[in-house]
Amino acid sequence: IGPDLDARARSALFFAAVLAGLAALRRPGLRALPVRLRVPVDLRRELGIGVTLENACSALAVEIPDDALTAALADPARLRALVPDAVAALLAAGVHWGTLVECMVVSRLATRAMLRDHLRPDLVAERRANTMVVTYVGTVDRYFDAAPFPVRTLQTHTPTWGANGYAFRDALIVNCSGFAGLWGDAELDAFVDAARAWITRHHGPGAELVA
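Under my numbering, the sequence shown has 132 at position 135, and the numbering climbs by one with no breaks.
1. Is CYS54 helix, strand or coil when you go by DSSP?
2. For a test of the three-state rule: what should DSSP assign to GLY47, helix, strand or coil?
3. Tell me, to the nearest whole angstrom, how far the beta carbon of GLY159 is from that of GLY175; I am working on the premise that it is less than 8 Å.
4. So ALA177 is in the alpha helix (DSSP H); what residue range does that whole segment cover?
5. Does the region 29 to 38 touch the region 53 to 67, meaning 3 or more C-beta pairs lie closer than 8 Å?
6. Hey, out of SER55, ARG5 and MET101, whose CA is closest to GLY91's CA?
7. Which word fits HIS154, buried or exposed, when buried means at least 16 other C-beta atoms lie within 10 angstroms of its C-beta?
8. Looking only at its own chain, which residues have a Cβ that is under 6 Å from the Cβ of TRP94, when we skip the five neighbours before and after it?
9. Once the 5 residues before and after PHE97 are set aside, which same chain residues still bring their CB inside 7 Å of it?
10. Contact between the region 127 to 140 and the region 99 to 108 is defined here as three or more beta-carbon pairs at a separation below 8 Å; is this criterion met?
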């Protein structure tokens, strides 16, 4: 993807590729429904939390209407802006604080047995809820600056149904492995092919997609 793209542009490119992949899977009977995403937002800075290994994010529910997605497919700049603009609007409205309170309340009121009973079906079901978690981690080069050996490539995994992405040097890695076992091979291949084709067509062959 090259050094000319800043962190915000790389994030937008990741979200656009995911939307292009999802657009390839839309069925005619479901096109009246919006594409539903859950986008985690890092709250550590706003909460005054420093470097941590804990989860300090609040996942925002983002809905992209079908007509907006269809129109944006022919406009690369608009497709790149769809998710960032939706997230910005939700943040401006303070929705992330509502989801944070929800998580805090559930963690304190729900018993361990209740959480376990609700978790188990999602772990074994062929298909989970119809909301996809989409996470962009950012540029990770800085984590390897002090490594005593050269790092040439990275590989990640995701435990959540959805896709995550990050930038490493001049590569944008879009990890789709969370769909394995939830989508059929044909669906997964169609998603990856469409996402790769969109990036190649509108930005050049500088991205690697991992399925």
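Where a beta carbon is used, it is the ideal one built from N, C-alpha and C, also for glycine.
In terms of the structure at hand:
1. Locating residue 54 in the sequence shown gives position 57, counting from the first residue. It is a strand residue.
2. By 1-based counting over the sequence shown, the position of residue 47 is 50. Under the three-state reduction of DSSP, GLY47 is assigned to coil, being neither helix nor strand.
3. Here residue 159 refers to the residue found at position 162 of the sequence shown. Here residue 175 refers to the residue found at position 178 of the sequence shown. With a Cβ gap of about 5 Å, GLY159 and GLY175 count as contacting.
4. As a first step, residue 177 is located in the sequence shown; it is residue number 180 there, counting from the start. Counting along the chain, ALA177 falls outside any alpha helix (DSSP H), and DSSP gives it neither H nor E.
5. yes
6. The residue labelled residue 91 in the question sits at position 94 within the sequence shown. Nearest option by C-alpha distance: SER55.
7. Sequence index remark: in the sequence shown, residue 154 carries index 157 (1-based). Exposed, by the Cβ-count rule.
8. Within the sequence shown, the letter at position 97 stands for residue 94. If we look at TRP94 and ignore the five residues flanking it on each side, it has no Cβ neighbours.
9. Along the sequence shown, read from residue 1 onward, the residue named residue 97 stands at position 100. The identity of residue 97 in the sequence shown is Leu, whereas the question assumes Phe. These residues qualify, in order along the chain: LEU40 and SER55.
10. no
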